[in-house]
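> Numbered according to the working numbering, the sequence shown spans residues -9 to 631.
Positions of the beta carbon are idealized from the N, C-alpha and C atoms, including for glycine.
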Amino acid sequence: MSESVEFVEDAGSRERSLELIKHKLSLLPDKPGCYLMKNHQGTIIYVGKAKVLKNRVRSYFTGSHGAKTQKLVSEIRDFEYIITSSNVEALILECNLIKQHHPRYNVLLKDDKTFPYIKITHEAQPRLEVTRRVYKDKGKYFGPYPNAFAAQQTKKLLDRLYPLRKCKTMPDKVCLYYHMGQCLAPCALDVSAETNERMVQEITRFLNGGHEAIKEDLTVKMLAASEELNFERAKELRDHILSIDALMEKQKITTSDALDRDVFGYAVDKGWMAVHIQYMRKGKLIERHVSLFPYYGDEYNDFITYVTQVYSDNPALPKEIFLPQMPAAADAPASEPAQPVDAETVVPRGEATEEREIREALEDWLKVKVHIPQRGLKKQMVDMAKDNARNALEEKFLLLERDQSRTSKAVENLGEWLGLGKVHRIEAFDNSNIQGTNPVSAMVVFVDGRPDKKEYRKFKVKTVVGPDDYETMREVIRRRYERVLKENLTMPDLIVVDGGKGQISAAVDVLENELGLYIPVCGLVKDDKHKTAQLMMGDPAEIVPLKRDSQEFYLLQRIQDEVHRFAITFHRETRAKSMVVSQLDAIPGIGEKRRKALLKHFGSVRKMKEAEVADFKPLGIGEKLAGDILKALQGEAAPHE
């Protein structure tokens, strides 16, 4: 049986680690920087920043913490720190370290939601495109837009107004866009840099909120065309004006100014954080987005960490960022002396020292104005974002409670249907092979109706030749429960096999007649569409009349889908490794030792296939054998001697 093995920490090793931490804490400096917490395996599990490293890092090992932070602290066995010259350097370094190491206890920004932008490419002959990827490539980005349709509609209007290049690859002759008047055809005609620059400036002006001025220009041209009796051109210009009006009417104006700003709010509960972002462009609320994730450190610091990840490597920044205030308990004990402020100042004189430092660090890094509003309309906008974040958290917990109650009831009802009472632990098996090649099996475990992934197991079938599902089931059941008996592991209340009478009979035979175990076994039979159709149980097995729209049946479907996914994934991994071995072993002059050296050196067969003959020289492989390897991998027959 193939199982993952982890290093088990003994008590002596733990004591030595904690003693080392105690010594290192006394050496911490009174300077800003980042710290990296490690577990007993040396893996970085948390990265944080601090304006005073000594105070921040020591705080983890003194005083009381919430359950989530206690879990983090209980795993810390060592730490490192990096001193920075300023808070802004610490902010940037923390963001980069999180992206590099992906620590399990850090807030990690999932790229599960990307908004469309309109981009003017940085080329000799620029073009407009809609993209969801923002790069630092000297292109001009405008957005985000609420959805792809809104972005495409805007681009469609601009294409009619400004005939930039349309083709991604320059064609040999003019295309339809030229004849439609939507491209100046730089592929065939000489289009000056001045012409392109003028159009780029006009597009930039339009997308930066200058559509009213452009409408006025178009109106003047329309009237001139009418006076010249060029009614076709006048109608075309009128249609452009109407298109601009229709486009702008679709978005709701929420502020009197026309600035681009992102408004953040967050809420925390039960160890979870929700961050809500309101994207406002040209004074219009165009999109909202919420992220939910567990957090383990200080709530405001983890929130700021999330903010830094949002803007990391993103050149399409707003003009302003609005952030919520720090929680009252987290404020610095004393504020800076009051300073006179004018009526337009967003952050009044009550701003805490730590708030100001965070705000200034973000401004220095992003070169964007950052506000922490404390009154007026702008604070109302932040409060609205906070309310939305709080609602998202409440919805999450309500759904979790509903799902947990449904799952508990489904487990209880399933036990009643099968006459087993309480079904606490379910172990499910599935076999996978293609025409008998690389046969494997997998087991998943569900405890109280929920998957327990650390208990999952994989099996490479050893004794069965060919696609014999019954004998495979016998081998895997035998190996699993021999180990359960030998190591005194937890017995399941129910075993689920993929299949009907034959698979159930094979499993029961091994359990009862070979191992002396009397564990209930049921089988899940699929229909011709490979969907869970029936539940069977007994000896001989009979259909259990479970309603297909019941929560119990849905639970069984989840179990079968999960074990099938796990088995298929393992089979693909095994088959891929087998194909690599076979492919290399078939080449004359490549034995096991050289095969391992090649894979270690190149990392994969794909990279090996893309290599040059000279790349094999460090392995002591000459030009002839290197050429044979490349020919074999690229689909050509290697010459035989």
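Is DSSP giving K225 helix, strand or coil here?
If DSSP states are grouped into helix, strand and coil, K225 belongs with the helices.
> Is DSSP giving S3 helix, strand or coil here?
Correct three-state label for S3: helix.
> Terminal residues of the continuous beta strand (DSSP E) containing C24?
Looking at the DSSP string, the run of the beta strand (DSSP E) that includes C24 is 23 to 28.
> How should E277 be labelled, buried or exposed, when 16 other C-beta atoms within 10 angstroms of its C-beta is the threshold for buried?
Buried, since its Cβ has 16 or more Cβ neighbours within 10 Å.
> Quick check: what's the CA-CA separation for L623 versus E563?
About 19 Å.
> H414 bridges to which residues according to DSSP?
Per DSSP, none; premise fails for H414.
> What residue does the alpha helix (DSSP H) around I82 start on, and which one ends it?
Element bounds for I82: 77 to 91.
> Output the distance between the C-alpha atoms of I34 and H91, rounded to the nearest integer angstrom.
Between I34 and H91, the C-alpha separation is close to 7 Å.
> Could you spell out where the alpha helix (DSSP H) holding F196 opens and where it closes?
F196 -> alpha helix (DSSP H) spans 183 to 197.
> For D190, which residues from the same chain have a beta carbon less than 7 Å from its beta carbon, with the 5 sequence-adjacent residues on both sides left out?
Strictly speaking, residue 190 in this sequence is Val, with Asp absent from that position. Answer for V190: I110, P116, listed in chain order.
> Nearest-angstrom Cα distance between G129 and I311?
In a straight line, the C-alpha of G129 is about 22 Å away from that of I311.
> Where in the stretch 437 to 484 do unbroken runs of the alpha helix (DSSP H), each at least 4 residues long, occur, reported from the N-terminal end onward?
The stretch 437 to 484 contains these whole alpha helix (DSSP H) runs: 459 to 476.
> So, using beta-carbon positions, are L536 and V486 closer together than 9 Å?
Result no, Cβ atoms of L536 and V486 do not sit closer than 9 Å.
> What residue ranges within the stretch 487 to 574 form continuous alpha helix (DSSP H) runs of no fewer than 4 residues, ordered along the chain?
Qualifying alpha helix (DSSP H) stretches, in chain order: 491 to 499.
> Which of helix, strand or coil does DSSP assign to A114?
Looking at A114 - three-state DSSP - the assignment turns out to be coil, as it is neither helix nor strand.
> Could you give the uninterrupted runs of the alpha helix (DSSP H) lying entirely in the stretch 144 to 183, keeping only those of 4 residues or more?
Entirely contained in the stretch 144 to 183, the alpha helix (DSSP H) runs reaching 4 residues are, in chain order, 166 to 169.
> Where does R255 fall in DSSP's three states?
First, the amino acid is wrong: residue 255 is Gly here, not Arg. G255 falls in the strand class under three-state DSSP.
> Output the boundary residues of the alpha helix (DSSP H) element that contains Q60.
Where Q60 is concerned, the enclosing alpha helix (DSSP H) stretches over 57 to 65.
> Express the C-alpha separation of L505 and V454 in angstroms, rounding to a whole number.
Distance between the alpha carbons of V454 and L505: 20 Å.
> Give me, in chain order, the residues of the same chain whose beta-carbon lies closer than 6 Å to that of E461; leave out the 5 immediate sequence neighbours on both sides.
Excluding sequence neighbours, E461 sits near V454.
> Which two residues bound the contiguous alpha helix (DSSP H) that contains G617?
G617 -> alpha helix (DSSP H) spans 613 to 623.
> Under 8 Å: do the stretch 11 to 31 and the stretch 41 to 53 share three or more Cβ pairs, one atom per stretch?
Yes: the two stretches touch, three or more of their Cβ pairs being nearer than 8 Å.
> Tell me whether T209 sits in a helix, a strand or coil according to DSSP, three-state version.
It is helical.
> Taking DSSP as the reference, what is the three-state secondary structure of Y286?
Of the three classes helix, strand and coil, the one that applies to Y286 here is coil, per DSSP.
> What whole-angstrom Cβ distance do C85 and S302 have, given they're in contact under 8 Å?
Correct: roughly 5 Å between the Cβ atoms.
> Just tell me which of P22, K61, I66 has its CA closest to the CA of E9.
If we check each option's Cα against that of E9, I66 comes out closest.
> What are the complete alpha helix (DSSP H) segments, minimum 4 residues, inside the stretch 353 to 429?
You should have 366 to 408.
> With the cut-off set at 9 Å, would you say N378 and G255 are in Cβ contact?
Their beta carbons are under 9 Å apart, which means N378 touches G255 by this criterion.
> Just tell me which of L307, E113, L525, E226 has its CA closest to the CA of K491.
Selected option, being the one with the closest Cα: L525.
> If we ignore side chains and look at the alpha-carbon of each, how far apart do S540 and G513 end up?
Straight-line Cα distance between these residues: approximately 17 Å.
> Among residues of its own chain, excluding the 5 on either side of F293, which ones have a beta-carbon nearer than 6 Å to its beta-carbon?
The residues are Y256.
> Using beta-carbon positions only, say whether A375 and I494 come within less than 9 Å of one another.
In this structure, I494 does not lie closer than 9 Å to A375 by Cβ.
> Applying the criterion that 16 or more other CB atoms from any shown protein chain within 10 Å of the CB defines a buried residue, is I577 buried or exposed?
Buried: at least 16 other Cβ atoms inside 10 Å.
> In the DSSP output, what is M263 paired with across the bridge?
According to DSSP, which records beta bridges pairwise, M263 is partnered with V258, F283.
> Give the DSSP-derived three-state secondary structure of Y301 in the structure shown.
Three-state result, Y301: helix.
> With a Cβ-Cβ cutoff of 9 Å, do D483 and I533 count as a contact?
The answer is no: Cβ separation not under 9 Å.
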